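Trainee: Below you will find the structure I want to go over with you.
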Amino acid sequence: MNPKTQNRLYLVTGASGYVGGRLVRDLLEDGCAVRILVRDRRKISGQPWAHLVDVVEGNANSPADLQRALTGVHTTYYLLHSINAGTQFDEVEAEMAQNFADASAHCGVSQIIYLGGIANDENRSKHLASRMNTGAILGAGTVPVLELRAGIIIGSGSASFEMLRHLTHRLPIMTTPKWVSNRTQPIGIRDVLYYLRQCAQLATPVKKVCDIGGPQVLSYADMMQKFAQLSGLRKRLIIQVPVLTPKLSSLWIGFVTPVPISLAKPLVESLISEVVADPKKSIDALIPKPQEGLLTVEEAIKLALTRTAEHSVDTRWSDAAFPFAPWQKAQGDPDWAGEMMLRDLRVRTTDVPAHLIWEQIERIGGDNGWFGAGWLWYLRGLLDRMLGGVGLRRGRRDPEHLRLGDSVDFWRVEELTKGSMLRLYAEMILPGKAWLEFQVSEEDGKTVLRQEAQFAPRGLGGQLYWYAVLPFHIFIFPTMMRNVIKSAKRQSRSNA
Numbered sequence: 001m002n003p004k005t006q007n008r009l010y011l012v013t014g015a016s017g018y019v020g021g022r023l024v025r026d027l028l029e030d031g032c033a034v035r036i037l038v039r040d041r042r043k044i045s046g047q048p049w050a051h052l053v054d055v056v057e058g059n060a061n062s063p064a065d066l067q068r069a070l071t072g073v074h075t076t077y078y079l080l081h082s083i084n085a086g087t088q089f090d091e092v093e094a095e096m097a098q099n100f101a102d103a104s105a106h107c108g109v110s111q112i113i114y115l116g117g118i119a120n121d122e123n124r125s126k127h128l129a130s131r132m133n134t135g136a137i138l139g140a141g142t143v144p145v146l147e148l149r150a151g152i153i154i155g156s157g158s159a160s161f162e163m164l165r166h167l168t169h170r171l172p173i174m175t176t177p178k179w180v181s182n183r184t185q186p187i188g189i190r191d192v193l194y195y196l197r198q199c200a201q202l203a204t205p206v207k208k209v210c211d212i213g214g215p216q217v218l219s220y221a222d223m224m225q226k227f228a229q230l231s232g233l234r235k236r237l238i239i240q241v242p243v244l245t246p247k248l249s250s251l252w253i254g255f256v257t258p259v260p261i262s263l264a265k266p267l268v269e270s271l272i273s274e275v276v277a278d279p280k281k282s283i284d285a286l287i288p289k290p291q292e293g294l295l296t297v298e299e300a301i302k303l304a305l306t307r308t309a310e311h312s313v314d315t316r317w318s319d320a321a322f323p324f325a326p327w328q329k330a331q332g333d334p335d336w337a338g339e340m341m342l343r344d345l346r347v348r349t350t351d352v353p354a355h356l357i358w359e360q361i362e363r364i365g366g367d368n369g370w371f372g373a374g375w376l377w378y379l380r381g382l383l384d385r386m387l388g389g390v391g392l393r394r395g396r397r398d399p400e401h402l403r404l405g406d407s408v409d410f411w412r413v414e415e416l417t418k419g420s421m422l423r424l425y426a427e428m429i430l431p432g433k434a435w436l437e438f439q440v441s442e443e444d445g446k447t448v449l450r451q452e453a454q455f456a457p458r459g460l461g462g463q464l465y466w467y468a469v470l471p472f473h474i475f476i477f478p479t480m481m482r483n484v485i486k487s488a489k490r491q492s493r494s495n496a
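Here this note's numbering is used: position 242 in the sequence shown is 242, and no number is missing along the way.
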């Protein structure tokens with residue numbers, strides 16, 4: 001670490017997100033003192049670096065919380081966005097940026113590092129326009145802002161990579177909009193992190209806008225063909241049609257890939273414009289390229305595929321919580337909020353050791369499935385996608401192990417006690433709030449498995465929904481318990 005920077009304190013916002021979670025890890029490896037601002041510290045408790053950072057719990061729109069987070073900070077990384085905050089996300093992002101700029105100036109921050117998006121075309125999407133406006137608002141403050149603008153980021157777990165991967169795998173023949181021929185300059189997540197961590201070592205504050213991109217300029221269609229080749233697939237037949245609007249394209253992507261429609265839409269809109277780094281905004285004079293060079297598209301895809309195959313994906317696009325439907329209350333509602341709680345409790349006792357039962361529970365979801373009634377889970381996931389939810393294709397970060405905050409299809413890990421308790425919160429479209437909880441314990445030399453579905457209905461519609469799906473519960477939940485125990489028994493016999 002540079003001796004001139006060793007006494008600095010760095011604040012990372014968005015630390016529970018895709019880029020932020022990896023940046024914290026890398027800054028710590030560089031010997032930096034790191035503080036993070038998160039709404040709920042439990043969200044990062046499963047990260048291996050959680051005990052190595054100073055955690056400030058708060059809201060980025062609260063001046064008081066920002067002051068607590070920014071006091072004593074030299075450099076802060078602004079990695080916040082509200083892409084899933086509904087149609088007015090640009091207004092939310094503008095307000096958040098203004099509050100952050102004001103608080104940074106008040107607390108004497110020396111440098112703001114902001115990761116934005118490349119936008120060359122004046123007819124840019126609302127998402128890219130908001131990204132640029134965020135940079136402009138931050139830059140208008142008194143604290144110097146170094147804005148790094150990137151295009152498509154290729155890396156295991158990124159939304160762009162998942163969209164590319166699933167489109168290519170699932171569709172050997174595809175009709176596509178004209179934007180697949182637009183030029184783009186993707187960059188590997190490894191190189192994005194290289195530039196971000198090098199910013200921490202700058203001797204003096206910098207006020208500048210720099211584009212960062214990989215060494216190749218190509219079309220999205222070219223990327224799909226390269227992905228197919230590297231994955232051992234046949235060349236994809238791509239037929240361009242003029243009638244696929246961004247809205248139709250995002251609906252199509254929402255059904256074919258794990259990326260929900262609400263996230264696919266801004267990603268698609270960003271591809272309508274050419275996303276190529278401007279040579280006049282090169283970062284090379286400030287931060288030279290890495291000694292091994294920037295990753296090519298082929299190298300970035302290979303690395304992402306390897307990480308995915310090895311189940312060594314540190315962060316995923318789904319790590320950021322999916323927004324609740326408008327009729328849902330926040331998870332943090334107090335117990336006295338007056339909600340009705342409907343329950344479906346199942347209890348089974350078995351001779352199978354508790355640790356083997358737990359191993360099966362921790363594997364639930366994703367490619368492992370839900371221990372029976374797969375077609376019913378599929379139909380529920382399909383319905384959720386049709387309503388604009390995340391559906392089942394979101395999968396999970398790791399097939400064997402969970403950590404707090406992980407997404408599991410249309411659930412999220414809300415509570416986790418290794419070996420004994422797993423509580424999942426439903427992020428599907430529902431007229432209320434739902435949980436699925438598993439508890440494993442030992443009583444009188446036996447293993448007791450408790451499985452409970454809980455539902456807090458929102459009004460009469462929520463209650464009617466519960467009773468409408470109750471016949472399916474009578475089939476799904478006993479089947480799930482029975483198959484969890486059967487699978488654990490098979491594991492016990494194979495270990496014998």
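Using N, Cα and C, we set each Cβ at its ideal position, and we do this for glycine too.
Since this is a predicted model, take the numbers as computed values, not measurements.
Which residue's Cα is closest to the Cα of residue 507: 428, 427, 350 and 469?
Mentor: Absent from the structure is residue 507, since the part of the chain shown begins at 1 and ends at 496.
Trainee: Grab me the residues of residue 448's own chain with a C-beta within less than 6 Å of its C-beta, minus the 5 sequence neighbours each way, in chain order.
Mentor: Excluding sequence neighbours, residue 448 sits near 349 and 441.
Trainee: Using alpha carbons as the reference points, say which of 167, 207, 274 and 170 lies closest to residue 140.
Mentor: Nearest of 167, 207, 274 and 170 to residue 140, Cα basis: 207.
Trainee: One question on the structure: do residue 239 and residue 142 come within less than 7 Å of each other, judged by their Cβ atoms?
Mentor: No.
Trainee: Once the 5 residues before and after residue 42 are set aside, which same chain residues still bring their CB inside 6 Å of it?
Mentor: Correct list, in chain order: 404.
Trainee: Going by C-alpha distance, which of 213, 347, 253 and 344 is nearest residue 119?
Mentor: Of 213, 347, 253 and 344, the residue nearest in Cα terms is 213.
Trainee: Please classify residue 407: is it buried, with 16 or more other beta-carbons within 10 angstroms of its beta-carbon, or exposed?
Mentor: Counting Cβ neighbours within 10 Å, residue 407 comes out buried, since at least 16 surround it.
Trainee: Under DSSP, the alpha helix (DSSP H) around residue 210 begins and ends at which residues?
Mentor: Careful: residue 210 lies outside any alpha helix (DSSP H), inside the beta strand (DSSP E) at 208 to 212.
Trainee: Using the rule of at least 16 other Cβ atoms within 10 Å of the residue's Cβ for burial, across every protein chain shown, is residue 472 buried or exposed?
Mentor: Result: exposed.
Trainee: With a threshold of 16 other CB atoms inside 10 Å of the CB of residue 455, please say whether the residue is buried or exposed.
Mentor: With 16 or more Cβ atoms within 10 Å of its Cβ, residue 455 is classed as buried.
Trainee: Using the DSSP secondary-structure output, state which residues sit across from residue 111 in a beta bridge.
Mentor: 75.
Trainee: Should residue 16 be labelled buried (16 or more other beta-carbon atoms within 10 Å of its own) or exposed?
Mentor: Buried, since its Cβ has 16 or more Cβ neighbours within 10 Å.
Trainee: First and last residue of the alpha helix (DSSP H) that includes residue 105?
Mentor: Start and end: 89 to 106.
Trainee: From residue 290 to residue 194, what does the alpha carbon distance come to, in whole angstroms?
Mentor: Spanning the two alpha carbons is a distance of roughly 8 Å.
Trainee: Would you report the Cα separation of residue 438 and residue 468, rounded to the nearest angstrom?
Mentor: If I take the Cα positions, the gap works out to 23 Å.
Trainee: Looking at the secondary structure, which residues open and close the beta strand (DSSP E) in which residue 240 lies?
Mentor: That run of the beta strand (DSSP E) goes 237 to 240.
Trainee: Measuring only between beta-carbons, confirm whether residue 74 sits less than 7 Å from chain C.
Mentor: Going by chain labels, chain C is absent from the structure shown, which holds only one protein chain.
Trainee: For the structure I just gave you, are there three or more beta carbon pairs, one from the region 160 to 175 and one from the region 130 to 137, closer than 8 Å?
Mentor: No contact exists between the region 160 to 175 and the region 130 to 137.
Trainee: In this structure, what does DSSP give as the bridge partners for residue 455?
Mentor: Bridge partners of residue 455: 342 and 434.
Trainee: For residue 421, which residues does DSSP report across the bridge?
Mentor: DSSP, once it has assigned bridges, lists 417 and 439 as partnering residue 421.
Trainee: Look at the alpha carbon of residue 165 and the alpha carbon of residue 184, and state the distance between them as a whole number of angstroms.
Mentor: For residue 165 and residue 184, the distance between alpha carbons rounds to 17 Å.
Trainee: What does a CB cutoff of less than 7 Å around residue 514 pick up in its chain, not counting 5 residues either side in sequence?
Mentor: Given that the chain is displayed from residue 1 to residue 496, the structure contains no residue 514 and the question cannot be resolved.
Trainee: Is it the case that the Cβ atoms of residue 77 and residue 12 are separated by a distance below 7 Å?
Mentor: Yes, they are a contact pair.
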